Amino acid sequence: MNIRIGDKNKIKNSSIGHQYRSSNESNESEGTKKFHEKHPILFSLFISIVAGVILLFSFWETFIIWIESLLK
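Residue numbers (UniProt numbering): 1 to 72.
See the structure below:
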């Protein structure tokens with residue numbers, strides 16, 4: 001970086017300010033976000049449906065009976 005003091009000041013080969021982002025820019029671009037970050041409501045709805053299907057299995061009936069016997 002060359003700086004001349006006096007008349008006809010010139011700055012050459014300088015990169016001041018190029019390495020910093022402005023405060024208005026986000027750290028992540030929109031293209032790098034994953035599906036659950038872009039659509040949290042759809043993702044939570046999907047997880048709720050999956051949990052509901054898992055709870056429909058007959059295995060849970062014996063598990064519930066076992067828990068009820070512990071609480072009596």
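Quick reminder that beta carbons are idealized off the backbone N, C-alpha and C, glycines included.
Because the structure is a prediction, the values reported are computed rather than measured.
Looking at the DSSP output, residue 2 bridges to 12. Assigned with DSSP and collapsed to three states, residue 38 falls in helix. When DSSP states are grouped into helix, strand and coil, residue 58 belongs to the coil group. Taking C-alpha positions only, residue 43 is separated from residue 51 by approximately 12 Å. Distance between residue 48 and residue 38, taken at the CA atoms: about 18 Å.
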